[in-house]
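Following our numbering, the numbering of the sequence shown begins with 431 at its first residue and continues without gaps.
Where is the CB? At the ideal position from N, CA and C, for every residue including glycine.
Since the model is a prediction, treat every value here as computed from it, not as a measurement.
Notes follow once the structure below has been shown.
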Amino acid sequence: MLAPALIIASSAIVLLLGTLHLIYTFATDKFQPRDPALAERMRQVSPMITRQTSLWRAWVGFNASHSLGAMLFGLVYGYLAWLHPALLLEARGLLLIGLGFLASLWVLAIRYWFRIPLAGISIALVLFALACGLLLV
Numbered sequence: 431m432l433a434p435a436l437i438i439a440s441s442a443i444v445l446l447l448g449t450l451h452l453i454y455t456f457a458t459d460k461f462q463p464r465d466p467a468l469a470e471r472m473r474q475v476s477p478m479i480t481r482q483t484s485l486w487r488a489w490v491g492f493n494a495s496h497s498l499g500a501m502l503f504g505l506v507y508g509y510l511a512w513l514h515p516a517l518l519l520e521a522r523g524l525l526l527i528g529l530g531f532l533a534s535l536w537v538l539a540i541r542y543w544f545r546i547p548l549a550g551i552s553i554a555l556v557l558f559a560l561a562c563g564l565l566l567v
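As structure tokens, then:
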């Protein structure tokens, strides 16, 4: 079936983006500010919601949890499409949730991200939407 292959491809893209994002968060300086003084201020200043953390720690945590969410999506939908494609056909709500999730990421990518993740999410969304069209029609 073509639809499960499309979902697997979509899931693999999101899993790859999430994994790279997690690696970039903890193993590189790619998400650090270009201005070292700003990074230092982020380590010193807390957000308005609480004094129990710094903006830097919150920034790292947000990046890590964002990565884990993308990785979870990729693993769950890839697994279901690979080993249990009939479940996705029966549980149409799961397809709509996945489509809504990717559409939400796409809007965020347009509004806040940069070219590479926007391209990846756009491709993943198109592949997933094509699969949904095949399965839901």
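Whether residue i touches residue j by CB criterion (8 Å)
i	j	result
Gly508	Ala442	yes
Leu447	Gly550	yes
Pro434	Trp543	no
Thr458	Asn493	no
Sequence-distant residues of the same chain with beta carbon closer than 7 Å to residue i, five excluded per side
i	result
Val444	Ala500, Phe503, Gly504, Ala554
Assigned exposure category for residue i - 16 Cβ within 10 Å defines buried
i	result
Gly523	exposed
Gly563	exposed
Leu557	buried
Ala539	buried
Glu546	According to the sequence shown, residue 546 is Ile rather than Glu. Its Cβ having fewer than 16 others within 10 Å, Ile546 is exposed.
Leu528	What sits at residue 528 in the sequence shown is Gly, not Leu. Buried, by the Cβ-count rule.
DSSP-derived helix/strand/coil call for residue i
i	result
Ser484	coil
Trp543	coil
Ile556	It is worth fixing the name first, because residue 556 is Val in this sequence and not Ile. The answer is helix: DSSP assigns Val556 an H, G or I state.
Ile479	coil
His496	helix
Met472	helix
Ala521	coil
Met501	helix
For residue j and residue i, believed in contact at Cβ under 8 Å, the rounded distance
i	j	result
Leu510	Leu517	6 Å
Ser476	Leu485	7 Å
Leu565	Leu532	Not confirmed; about 15 Å, so no contact.
Same chain, Cβ closer than 8 Å to residue i, neighbours up to 5 away in sequence not counted
i	result
Met402	Residue 402 lies beyond the range of the chain shown here (431 to 567); nothing can be said about it.
Cβ shell of residue i (< 6 Å), same chain only, five flanking positions each side left out
i	result
Ser440	Ala554, Leu557, Phe558
Leu535	Ile551
Leu548	Ala539
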